[in-house]
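First the structure, in the form of structure tokens, and then the observations on it.
Residue numbers (our numbering): 30 to 319.
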């Protein structure tokens, strides 16, 4: 309800019809003019707009408020020479020069699918990547002896990456010869997955938890069965709703949740995979391995 300052309250004032009854100093009642009602309604709308604006932008005209950013690079002068469709997905990858062959394969494949790419150079080596033709098309961030979670907490704030529908936060030692990003995302969208990871080929990869191994019966599996450990009654990780932290894929909304979960002193993220389900429960979806 609205209360008019300086007057005695007579009746509740409903926002639906904006009918106000006030008392004058002589004891008589009067109904404010339509102009007064409109002014009050406008004031309320303005207050609501300000409440929805980003903190710190209240003094700015609405038309110049930029609520988010992106990782698109811009030339010092003029317009970009390459006219390509802005990326809608992001690959953020830990990258040490010793794994340059695998990193090169990954970056090539994801750039071809229209991804934005950011490399986290934990060994401090950046110039040696210039020999690859794609080097100037990706973002390079360098800090010695830091993990991808340290980089992600500081350089992938949800407002910075809000433009991207999906964020791939991967390790560098992954083979992608049989992986197709666009096909993968089509499955993720079809299944409504908020947090997921590509399943591992048990013949080529070391599988620490059975749920991460590729199945043959369906495109996606959300649980696994293992005698003595996981059965139909299992309700938690690593039997169901669980992925490993080496190759997670987050939706935009899930990443906003996960970013807040990452502690500033988090190093290797051991144990974080047991908690990611908190950020999938919001959408009534389970984490899964396509």
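Just so you know, even glycine gets a beta-carbon here, dropped at the ideal spot from N, CA and C.
Can you look up residue i in the DSSP assignment and give me helix, strand or coil?
i           : result
residue 302 : helix
residue 283 : helix
residue 140 : helix
residue 50  : Note that residue 50 scores 48 on pLDDT, short of 50, meaning its location in the model is unreliable; the coordinates nonetheless yield the value given after this. Coil.
residue 106 : coil
residue 122 : strand
residue 196 : strand
residue 295 : coil
residue 130 : helix
residue 224 : strand
What span of residues does the beta strand (DSSP E) with residue i cover, start to end?
i           : result
residue 147 : 145-150
residue 171 : 168-171
Considering only residues of the same chain and omitting the five flanking positions on each side of residue i, which have a CB-CB separation below 6 Å?
i           : result
residue 116 : 143, 144 and 145
If you drop the 5 nearest sequence neighbours on each side, which residues of the same chain put their C-beta closer than 8 Å to that of residue i?
i           : result
residue 203 : 131, 135, 275 and 276
residue 137 : 163
Since I believe residue j is in contact with residue i (beta carbons under 8 Å), could you give me their beta-carbon distance rounded to a whole number of angstroms?
i           : j           : result
residue 280 : residue 194 : 7 Å
residue 121 : residue 185 : 6 Å
residue 124 : residue 201 : 5 Å
residue 226 : residue 272 : 4 Å
residue 168 : residue 148 : 7 Å
For residue i, report the span of its alpha helix (DSSP H) as first-last.
i           : result
residue 178 : 177-184
residue 212 : 210-220
Quick one: what's got a C-beta closer than 7 Å to residue i's C-beta in the same chain, skipping five residues either side?
i           : result
residue 287 : 279, 305 and 308
residue 291 : 178, 181 and 182
residue 133 : 161
If you measure from the beta carbon of residue i to each beta carbon in chain B, is any gap under 8 Å?
i           : result
residue 177 : The structure shown has no chain B; it contains just one protein chain.
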